[in-house]
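What follows is a short report on a single structure.
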Amino acid sequence: MADVLRSPRFWLAPILVVSALMSFLAALYLGGVLDPRGNLHDLPIAIVNQDEGDTLAGEQRNIGNDIVDGLIQNVDSEKVAFREVGPAQAESLLSTAEVYGSIVIPSDFTKRMGILAEGSIIPGDIEKPIITVYTNPRAGSFGMSLVTGVATPAFESVNQTVGQQITDQVRQQLGDTPLAGASALTLAQPIDVIVAQHDPLPDGTGGGLSAFYYALLLVLAGFTGATIVSTLVDGLLGFTPTEIGPKYIHRGPTRISRFQTLLVKWLVMFVLAMLVSGLYLLLSHLLGMPITHAWTLWMYGAFAITAVGFTALAVMSAFGTAGLLINLIVFIILALPSSGGTIPLEASPPIFTWLAQFEPMHQIFLGTRSILYFNASPDAGLLHSVGMTSLGLLIGLVFGLVFTLLYDRKGLHRSLDSPGAIS
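In full-length UniProt numbering, the protein residues as written are 1 to 423.
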């Protein structure tokens, strides 16, 4: 024992591995959340310009078109991806989480602007033309603040530009007659921008975070469940010792192949997935979370837990103890910041957008969000989620079968008399 304790490797190995892993964790997590507006890229926002135009001062005008042009010019195209669409398409995009918000210019916008200009000359109460900015709370709570953060400064600039144009037009009509102070103030900011939520979330959704935490629970059930199942099954089969307090139990190894052991673990994991998904559903209901598609949520939850659990067990069967570290990196460390559940991927460094293409957490989040917030619509991410989860499950199955059968074929059994054993 003294020789082991004197070895520098004994002390350095855990210190270096943990320090490197935690540094990697800190860089990923803090780097992904500290500057979302600085990291903003390609944030999808719909623009619905219904303005039909009107004749102002003897000239045909469409101020709605001018405003759209102003928005596109004043907002960095690399940060925001405006999509000019019609009302029906905008509704569809909002209802499938394809945009984080929409800007709606009504059909009588130019006409109302003309009425406002005339009202500054003729006494009377005149309402300002209205532009509505709709946020999409079901796509993500933080996405709402990003939309308002983009729209507010952009419309300040647009308001000033349009206000100056209308003011100049009115002054020309008045000639030498001075413009009243109240009218001048109104014309300087002629547009009333209203921010409203599209299809607000009900109570009990955590302000739009319940889908993320539910997805996290599914991933943890698969990842943590696989680790516990692997440890307990290996202990009961006699491949690893079991310690309960001061008791040290080490049964003789059972004569069972690696392939058969993996099948046993997969069977236990499958049963657990169905049970845990049901428990999650029950607890969510008792805690007051609104669930409109309980059966779908249970099925998808069991499927997601199975996919993560099977893949995690396959990795541990192939790499042994090192598989625990690999699973931690894949299912937790890389998964959380690339999930898009708290901060949109469009407000995260580009590396997270790349990771989200295959990281399981993002796929599972899209599925749970679709079921909980978008009426289980396939177009809102559920179809994509099921497809990617199926692919992940298939990869886990093939990976586990190939490695365990290969080890068994080469005689690399889990015993000290195995050709691969080192004592």
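By construction, the Cβ of each residue, glycine as well, lies at the ideal position given by its N, Cα and C atoms.
Bear in mind that the values here come from a model prediction, so they are computed numbers and not experimental data.
Beta-carbon separation (whole angstroms), residue i vs residue j, contact threshold 8 Å
i           : j           : result
residue 212 : residue 341 : 3 Å
residue 214 : residue 372 : 7 Å
residue 273 : residue 228 : Going by Cβ atoms, the distance from residue 273 to residue 228 rounds to 13 Å, so no, they are not a contact pair.
residue 257 : residue 408 : 5 Å
residue 380 : residue 97  : 5 Å
residue 288 : residue 207 : With a Cβ gap of about 14 Å, residue 288 and residue 207 do not count as contacting.
residue 426 : residue 322 : Because the chain here runs from 1 to 423, residue 426 falls outside it and cannot be looked at.
residue 331 : residue 219 : 6 Å
Straight-line Cα distance separating residue j from residue i
i           : j           : result
residue 21  : residue 151 : 40 Å
residue 196 : residue 112 : 21 Å
residue 12  : residue 390 : 41 Å
residue 16  : residue 279 : 39 Å
residue 427 : residue 56  : Given that the chain is displayed from residue 1 to residue 423, the structure contains no residue 427 and the question cannot be resolved.
residue 399 : residue 130 : 58 Å
residue 59  : residue 194 : 28 Å
residue 365 : residue 140 : 11 Å
residue 244 : residue 29  : 35 Å
residue 63  : residue 162 : 8 Å
residue 165 : residue 110 : 13 Å
residue 148 : residue 337 : 23 Å
residue 383 : residue 76  : 32 Å
residue 116 : residue 93  : 33 Å
residue 42  : residue 265 : 43 Å
residue 356 : residue 291 : 26 Å
residue 242 : residue 253 : 13 Å
residue 19  : residue 405 : 36 Å
residue 61  : residue 293 : 49 Å
residue 54  : residue 127 : 17 Å
residue 37  : residue 412 : 53 Å
residue 320 : residue 24  : 22 Å
residue 296 : residue 285 : 14 Å
residue 410 : residue 217 : 38 Å
residue 349 : residue 327 : 23 Å
residue 8   : residue 309 : 36 Å
residue 423 : residue 239 : Here the model assigns residue 423 a pLDDT of 45, short of 50, so the residue's position is not dependable, and the following value carries that caveat. Approximately 15 Å between the Cα atoms of the pair.
residue 198 : residue 154 : 20 Å
residue 261 : residue 315 : 13 Å
residue 281 : residue 271 : 16 Å
residue 267 : residue 347 : 40 Å
residue 191 : residue 311 : 55 Å
residue 339 : residue 6   : 44 Å
residue 325 : residue 105 : 53 Å
N-terminal and C-terminal residue of the alpha helix (DSSP H) that residue i is part of
i           : result
residue 68  : 63-74
residue 296 : 294-319
residue 398 : 382-409
residue 189 : Segment: none, residue 189 is in no alpha helix (DSSP H) and carries neither H nor E.
residue 327 : 322-328
residue 89  : 87-95
residue 269 : 258-286
residue 15  : 8-33
residue 370 : 360-373
residue 350 : 350-355
residue 210 : 210-236
For residue i, the first and last residue of its enclosing beta strand (DSSP E)
i           : result
residue 241 : Taken as a continuous stretch (DSSP letters only), residue 241 belongs to no beta strand (DSSP E), as it is neither H nor E.
residue 80  : 80-84
residue 105 : 101-105
residue 54  : 54-56
residue 44  : 43-49
residue 132 : 130-135
Beta-carbon proximity list for residue i, same chain, < 7 Å, skipping 5 on both sides
i           : result
residue 353 : 345
residue 403 : 317 and 318
residue 107 : 50, 51 and 52
residue 79  : 40, 41 and 43
Cutoff 8 Å; reference residue i; Cβ partners in own chain excluding five residues on either side
i           : result
residue 200 : 137
residue 307 : 222, 360, 389, 390, 392, 393 and 396
residue 10  : 4
residue 377 : 95, 96 and 370
residue 209 : 141, 341 and 342
residue 231 : 240
residue 81  : 42, 43, 44 and 45
Check: residue i C-beta below 8 Å from any heavy atom of the ligand COA
i          : result
residue 59 : The model on display carries no ligand, and the ligand COA is accordingly not part of it.
Contact set for residue i: own chain, Cβ-Cβ below 6 Å, skip 5 residues either direction
i           : result
residue 143 : 100 and 344
residue 85  : 46
residue 302 : 273, 274 and 277
residue 385 : 363, 366 and 367
message: Check whether the region 233-253 and the region 383-403 are in contact - that is, three or more C-beta pairs closer than 8 Å.
response: no
query: For the region 46-63 against the region 77-94, are there 3 or more C-beta pairs whose distance is under 8 Å?
result: yes
task: Decide yes or no for the touch test of the region 63-76 against the region 152-159: beta carbon pairs closer than 8 Å, at least 3 of them.
output: yes
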